[in-house]
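Mapping of the sequence shown onto the numbering used here: residues -9 to 830, in sequence order. Note that beta-carbon positions come from the ideal geometry of N, C-alpha and C, so glycine has one too. Because the structure is a prediction, the values reported are computed rather than measured. Take a look at the structure set out below.
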Amino acid sequence: MSCPQSLLPHMRSVLACERELAELRFTWRLIETTAKMVCPAEAKTILPAMASTREAFGRLETELVRALAAENVNKVVLQMRARAQTVVDVVVRNLYERTADVGFLATDDDIRGFLRANANGRERLEARLHEYIRKYSVYDAIFVLDLRGEVRAAIGALPESTAGDPALLERALAAPGYVEHFGRCALLPGRERALVYARRIDDTDGRALGVLCLSFRFDDEMAGIFRTFRRPRDRAVMLLLDADGHVIASSDPDHVPLGRTPEAATGADGALIDFGGREYIACTCEATGYQGYAGPGWRGHVMVPAESAFREEAVALQGAGAQSSGLNCSELATIEAQAGAIKDALNRVVWNGQVMAGGRRGDSLKLKSMLQQISETGERMRAVFSRALAALSDTIMSSTLQDLQFVSRLMMDVMDRNLYERANDCRWWALAPALREALASGRGRASLGALLDDINRLYTVYDRLFVYGADGHIVASSTLSGAADDTVGRQVDGRVVDAVIRLASTQSYAVSPFEASPLHRDAPTYIYHAAIRAPGDDTRVVGGIGIVFESAREFRAMLSELLPARDGVWAAFCERDGRVVASTRQDLEPGSRLELGELAAGLDAGASRHALIDFDGVRHMAGVALSAGYREYKTTGDYRNDLVAVVALALPEASATARDTDAGPGETESGVRPGEGEEFAVFRLDDRHLAVSAARVLEAADIDRVRRIGSGEGLVAGVLPLDDAGGLEHVPVVNLRVFFDLPRADGRGHVVVTHCARGRLGLVVDDLISVTECGPNDIRPVPEMVAGRFRWLDRLIITGRDRPLVSALDLDALYDMLRDQVRGELSDADCMLQDEVLSA
């Protein structure tokens, strides 16, 4: 979307955040103005820092609101594009199968013989075509035309005239392959949008005999697609557009009628369009194409009213915690870094003000009051940014979760549709007259292998096709995947043979469990079976046909083609108990186990969900969908096989050193009255609080001001240029983490500039806590028994119940230790000193 800002009026949550930020911006100006009026002299040194912090806040406010708006739009557009792409791609995949069907059925010997003989037999042929349409229920009519265009046989519909459709006949006879026709068709009068596949019927010598026409259930198919991918309380309209942009199918015809031409939005970010006097967000997608078939030039189009596009229900993200930041875009990471820099700058403003106001009276008390207001407003700012960034991160995460869930539904739908075709194929091929005659009579079985080879070459989704007698012994096999001698004579599993013998009708079929089979090179797969019945007697089963699905290749292709294009995402088809059928992961082989836990528990057919789940000890976001079946496949009690599609994305590991450092400068507990005690500047290093006498502190400086020596990770990080009345001075800066042998910090840090007997010294610390005033009862000397070990320790300060002990640094001793290249010990100081002090 070129301008997410234009959609801001429709984003309630973003508007609420914008209002909060505007109120904070006003508060900053009010505090700054008040400080200038009430205590101008005392506030003079911190006013420039306040002004720069306010300006940085204003810039970040604009970036944050823009990012919130952009991510909300991205979330909506991502969902819309996924559906627009699905609407057209699912149709195109389905139509690809139709191009294969019409080509194969046009070579059917019964149809050829009927046209060749030019004699009676229409009733028998139509009975056979009726069997075809019962199995391939995506068709509602079949027509067989002779060379004059006369309708010689028809099933499912009777045209008003036996003259057929001359224009369609002419195109089909002239075409080298199939003809795809959409629109009015004389064979189907009364239909505005008939989708017909036609193919010339050639004799074995290449001579044209007629034309075969298959009528696809277009309206029924589109209604099913819209129903599958419609969401609860959906305000979006899913459309299918023809090559000229006209609506040929609509999920809500009352909203967007057929024949309309909405403005296309083919860009990756969608577009804001006008339709019917309202603003819509729209996405238009071209078909991806399948197996070289590009489709009829149709496009998927989804549009949603702008005023309702962002009224999505909140997505629960239980258990996400801080790990959601692992999904942050670079823009979010930049905003977080900028917010952290503002927080650090604000901490320094307050901390430096507290140092400056320490030990003074009069107007300095007013300054302290101003600093308290700054601190409270800074905390409000931190809370607003924290909520906004969390909302932004949650938006990214919920969008990803919903995308994973949607893709899992799409994968499951594609699998169901694919296996529906497998059930159709085995039942239709079982009706082949040559197979029925050969198994019933026992004659001509040797020639069946060639017939199976012809079929297998056209339908390469199968590893092998084989035919067996009623006793279960295989009598013929295709040779596409190896010599037939390896298969002929084998005994089919007795359980399968018994199931095939008991199949009630030509509509029935059986499927083997997903398990390793010697008929598939000992790899696991599904084998679809149908009963072969005696000619003229459907009650007598004389054998069966088995078709071995190339499950590893075909399932993996389905998963890979639909997998979202992002690093770390993977997908799998599993049984409900987690047994893997196929996977895009090399380490998750078919037959292995994926611990789904509660992810798939309780799902009804066709249902889907998303969740956070651990796979192999790694936290993942995952979408899962349970098989719903397609048309009558797995929906009529014919077959039960609860498969699930899982699409997962690993979350990055949470940082082991991450700590809560949100707390900024504030007042620590102390029982002393103001002005009667000694003030200490308290800061954080790693997980400990340290301090120096406030009288020894000059200021806290931005760490970016340090001119580093080498990498800046050594004991002496660099020098800090300091300009005062005496001229420019370069203050050495010591990395306290290196001095105390602590691990490298994740955050930015600050430099506390101090002065000791030897001169000025900068200390790199993690965070600034407060400047606190302590009475005599709060300050304890260092116990003699540990004083020698902890030379850097000056005194011990008890500041409150939550943090009873703070170690005050002896700057002179610290300087001497640095000069002598002696490191300090900190690891045991807290425990040892706390026991000594509290027992005193």
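- Membership of residue 236 in any beta strand (DSSP E) is not indicated, and neither H nor E is assigned to it by DSSP.
- Counting the other Cβ atoms within 10 Å of the Cβ of residue 573 gives 16 or more, which makes it buried.
- Here the alpha carbon of residue 702 sits roughly 53 Å from the alpha carbon of residue 76.
- Contact fails between the region 17 to 27 and the region 381 to 398, because fewer than three Cβ pairs, one in each stretch, are under 8 Å apart.
- According to DSSP, residue pairing for residue 725 in a beta bridge involves 754.
- Residue environment analysis places residue 720 among the exposed positions, since fewer than 16 neighbouring C-beta atoms fall within 10 angstroms of its C-beta.
- Bridge pairing for residue 514: 506 [DSSP].
- Residue environment: residue 45 is assigned as exposed (fewer than 16 neighbouring CB atoms within 10 Å of its CB, all protein chains considered).
- Selection 186, 96, 130 and 143 evaluated against residue 157 yields 186 as nearest (Cα-Cα).
- DSSP places residue 416 within a helical segment (H, G or I) once states are collapsed to three.
- The three-state secondary structure of residue 771, taken from DSSP, is strand.
- Approximately 4 Å separates the beta-carbon atoms of residue 638 and residue 610; this is inside 8 Å, confirming the contact.
- The beta carbon of residue 251 sits closer than 6 Å to those of 235 and 236, all from its chain and outside the five residues before and after it, given in chain order.
- Annotation for residue 264: the continuous beta strand (DSSP E) segment containing it runs 261 to 265.
- Residue environment: residue 40 is assigned as buried (16 or more neighbouring CB atoms within 10 Å of its CB, all protein chains considered).
- By the Cβ rule, the region 163 to 171 does not count as touching the region 105 to 115, because fewer than three pairs are nearer than 8 Å.
- Here residue 75 carries a helix assignment [DSSP, helix/strand/coil].
- One alpha carbon belongs to residue 728, the other to residue 50, and they sit about 33 Å apart.
- Just measuring C-alpha positions, the residue of 798, 778 and 18 sitting nearest residue 369 is 18.
- Distance from residue 292 to residue 273 at the Cβ level is roughly 5 Å; contact confirmed, criterion being Cβ atoms closer than 8 Å.
- Note that the C-beta distance between residue 142 and residue 134 is below 8 Å.
- If you look at residue 541, you'll find it in the alpha helix (DSSP H) that goes 541 to 552.
- In this structure, residue 325 places its C-beta atom within 8 Å of the C-beta atom of residue 379.
- Note that the C-beta distance between residue 454 and residue 477 is below 8 Å.
- Per the DSSP secondary-structure output, residue 461 pairs with nothing in a beta bridge.
- At the C-beta level, residue 287 and residue 233 come within 8 Å of one another.
- Note on geometry: alpha-carbon atoms of residue 550 and residue 222 lie some 28 Å from one another.
- About 24 Å separates the beta carbons of residue 748 and residue 769, which is beyond the 8 Å limit, so they are not a contact pair.
- Taking the C-beta atoms as reference points, residue 205 is found nearer than 8 Å to residue 184.
- When Cβ pairs closer than 8 Å are counted between the two stretches, the region 577 to 587 is seen not to touch the region 418 to 436, the count staying below three.
- Each residue's CA atom was taken as its position, placing residue 443 and residue 498 some 24 Å apart.
- Distances from the CA of residue 428 to each of 465, 406 and 415 were compared; the closest alpha carbon is that of 465.
- In this structure, residue 718 sits away from residue 743, with a CB-CB distance that is not shorter than 8 Å.
- Following the DSSP letters along the chain, one finds residue 27 inside the alpha helix (DSSP H) bounded by residues 2 to 28.
- By alpha-carbon distance to residue 617, the top candidate from 738, 403 and 191 is 403.
- Where residue 122 is concerned, the enclosing alpha helix (DSSP H) starts and stops at 112 to 125.
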